[in-house]
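Same order as they appear, the protein sequences are chains A and B. Note that the first sequence covers residues 1 to 141 in the numbering used here. Note that the second sequence covers residues 1001 to 1215 in the numbering used here. Report on the following structure.
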Amino acid sequence: MNGNESTHSAHIIPLSVYLTIASILLFLTFVTVWVASINFGAYNLVIAMFIAAVKASLVALFFMHLKYDNKVYMIILLISIIFLAIFITFTMLDTLQRGAIYDQKAGQIRESATMYDTVNADSALVGDSANIVDSTSMSGK
Amino acid sequence: MSNAEGHPTHLAHHFSTTEQQKDSAKIGMWLFLLTEVLLFGGLFCAYAIFRAWYPDLFHNAHSFLDTGLGATNTVVLITSSLTMALAIRAMQLGNKNATIWNLVATLGLAGTFLVIKYIEYSHKFHLGQLPGKYYTFTGVEGGNPHIFFSIYFMMTGLHGIHVIAGMITIGWMLYRTTKNHFSAEYYTPIEMTGLYWHLVDLIWIFLFPLFYLIG
């Protein structure tokens, strides 16, 4: 060994931090299952995603060392999340608002599911499941 | 251990310090994880579209997933993330035996996850809750139930492939640890494996509520 060897060693996180974070993660798992059994309507999804985001942040900050590491790595992760958010937001704006421009009718995607061969006979499932984009109008016919 | 030029043997000749070599590896790994987020991102986007189009279907179909098994798998994966982090910490302290046992525990928990996933999958195969045109189950209220199971199998399936890839990498790290390839000065491959494994955990943290806990 000589002077080339780095003198400052890596940050070693105390065992108690790892165990605390893991306990919080397990507790939040319990919370998210419990809270899903209560009906908050549309807010159930918001609450579930918020808890998942908190859990993901804890994993990234402590297990993946982002809290202690060079912030470049955190920026890389945030970039991926920002672009994912842009991707999903703009796609949803398109698919949910297109009805304001084009005439759309509810319908079912009939192709390639063998269940419809059996179900169509008694026509139990045909018809009015609302807010479904018709596959034919999607293809621009 | 040093070679003739005074470099430690783990230090490639095109790096001047261990620190520089480690930072390069980490940048590369995080850029790879970025592409992984975007890979799953396409499926998350597909999920968002189909859930927005068929909210009732998602509500009805998700009751055919076993929340108990899903929650158990969440606990299993979080615990495996803990043992993975502890394996790295042990090697930072130069404790080879603790690293080995924590890696073995991580492998065991990953295997447990796959066994539970196999139980879930085989039950759905049996009922005919299969993706796309292979769907034959008739017990779900509302139209297009195969959409839900298509997106379910694609997302959990891609995640499962990542679990298998993680297990192979962890097994490789286990082998290299037993061969004394790592030390408190050099454990970058285990750390990179850990980052990958934590990402697999991260993805599942979102998949679990999106499929098993639809209100």
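Each residue gets a CB set at the ideal place from its N, CA and C atoms; glycine is no exception. A quick note: this is a predicted structure, and the numbers were derived from the prediction, not measured.
Just to confirm my understanding: we take residue i, look at its own chain, exclude 5 residues before and 5 after, and list those with CB closer than 8 angstroms. What are they?
i: residue 1126 of chain B; result: none
i: residue 77 of chain A; result: 60, 66
i: residue 1113 of chain B; result: 1073, 1076, 1077, 1080, 1163
i: residue 1174 of chain B; result: 1100, 1103, 1104, 1107
i: residue 1016 of chain B; result: none
i: residue 1143 of chain B; result: 1054, 1057
i: residue 31 of chain A; result: 51
i: residue 89 of chain A; result: none
Of the residues the options, which one's Cα is nearest the Cα of residue i?
i: residue 1056 of chain B; options: B:1161, B:1191, B:1148, B:1138; result: B:1148
i: residue 1025 of chain B; options: A:91, A:33, A:72, A:57; result: A:72
i: residue 33 of chain A; options: B:1069, B:1118, B:1050, B:1037; result: B:1069
i: residue 1141 of chain B; options: B:1200, B:1120, B:1060, B:1045; result: B:1060
i: residue 23 of chain A; options: B:1083, B:1199, B:1062, B:1151; result: B:1083
i: residue 1046 of chain B; options: B:1172, B:1215, B:1096, B:1150; result: B:1150
i: residue 1206 of chain B; options: A:49, A:39, A:21; result: A:49
i: residue 1198 of chain B; options: B:1027, B:1018, B:1033, B:1020; result: B:1033
i: residue 96 of chain A; options: B:1062, B:1050, B:1119; result: B:1050
i: residue 1023 of chain B; options: A:70, A:54, A:99, A:92; result: A:70
i: residue 1064 of chain B; options: B:1178, B:1138, B:1018; result: B:1138
i: residue 75 of chain A; options: B:1027, B:1165, B:1124, B:1135; result: B:1027
i: residue 1031 of chain B; options: A:64, A:68, A:79, A:63; result: A:79
i: residue 1153 of chain B; options: B:1019, B:1092, B:1135, B:1176; result: B:1135
i: residue 1109 of chain B; options: B:1097, B:1044, B:1170; result: B:1170
i: residue 1118 of chain B; options: B:1066, B:1145, B:1195; result: B:1066
i: residue 1194 of chain B; options: B:1208, B:1212, B:1130, B:1165; result: B:1165
i: residue 91 of chain A; options: B:1098, B:1124, B:1044; result: B:1044
Name, please, each residue of chain A whose Cβ falls closer than 9 angstroms to the Cβ of residue i.
i: residue 1037 of chain B; result: 77, 80, 81, 83, 84
i: residue 1034 of chain B; result: 76, 77, 79, 80, 83
For residue i, which residues in chain B fall below 7 angstroms Cβ to Cβ?
i: residue 100 of chain A; result: Simply none; closest approach about 15 angstroms.
i: residue 26 of chain A; result: 1075, 1078
i: residue 55 of chain A; result: 1205
With 8 angstroms set as the bound, which would you pick, yes or no: does the beta-carbon of residue i sit closer than that to a beta-carbon of chain A?
i: residue 1026 of chain B; result: yes
i: residue 1198 of chain B; result: yes
i: residue 1041 of chain B; result: yes
i: residue 1067 of chain B; result: yes
i: residue 1215 of chain B; result: yes
i: residue 1202 of chain B; result: yes
i: residue 1195 of chain B; result: yes
i: residue 1209 of chain B; result: yes
For a cutoff of 8 angstroms on Cβ pairs, would you count residue i as touching chain B?
i: residue 46 of chain A; result: no
i: residue 33 of chain A; result: yes
i: residue 20 of chain A; result: no
Could you pull out every residue in the same chain whose Cβ sits closer than 7 angstroms to the Cβ of residue i, ignoring the five residues on either side in sequence?
i: residue 1192 of chain B; result: 1025, 1029
i: residue 1013 of chain B; result: 1007
i: residue 58 of chain A; result: 21, 24, 25
i: residue 36 of chain A; result: 44, 48
i: residue 1210 of chain B; result: 1047
i: residue 1214 of chain B; result: 1058, 1059, 1062
i: residue 39 of chain A; result: none
i: residue 1172 of chain B; result: none
i: residue 942 of chain B; result: Residue 942 of chain B lies beyond the stretch modelled for chain B, which goes from 1001 to 1215, so this question has no answer here.
Could you name the residues of chain B that residue i contacts, counting a contact when the two beta carbons are closer than 8 angstroms?
i: residue 96 of chain A; result: 1052
i: residue 91 of chain A; result: 1045, 1048, 1049
If the cut is a Cβ gap below 7 angstroms, which residues of chain A does residue i touch?
i: residue 1030 of chain B; result: 73, 76, 77
i: residue 1071 of chain B; result: 29, 33
CB-CB under 6 angstroms to residue i, same chain, minus the five flanking residues each way: which ones, in chain order?
i: residue 1010 of chain B; result: 1186
What in chain B is Cβ-close to residue i, meaning under 9 angstroms?
i: residue 68 of chain A; result: Those within 9 angstroms of residue 68 of chain A in chain B number zero; the least Cβ separation is about 12 angstroms.
Against chain D: residues of the stretch 1073 to 1098 of chain B by CB proximity under 8 angstroms: No chain D appears in this structure, whose protein chains are A and B.
How do the stretch 13 to 20 of chain A and the stretch 1177 to 1184 of chain B stand: do at least 3 beta-carbon pairs fall below 8 angstroms, yes or no? No: the two stretches stay apart, fewer than three of their Cβ pairs being nearer than 8 angstroms.
Check whether the stretch 1033 to 1052 of chain B and the stretch 82 to 99 of chain A touch, using three or more Cβ-Cβ pairs below 8 angstroms as the test. Three or more Cβ pairs closer than 8 angstroms define a contact, and the stretch 1033 to 1052 of chain B meets that threshold against the stretch 82 to 99 of chain A.
Should the stretch 1186 to 1204 of chain B be regarded as contacting the stretch 1083 to 1092 of chain B, the criterion being three or more beta carbon pairs within less than 8 angstroms? Segments in contact, yes.
Does the pairing of the stretch 18 to 28 of chain A with the stretch 1153 to 1163 of chain B give three or more beta-carbon distances under 8 angstroms? No, the stretch 18 to 28 of chain A does not touch the stretch 1153 to 1163 of chain B.
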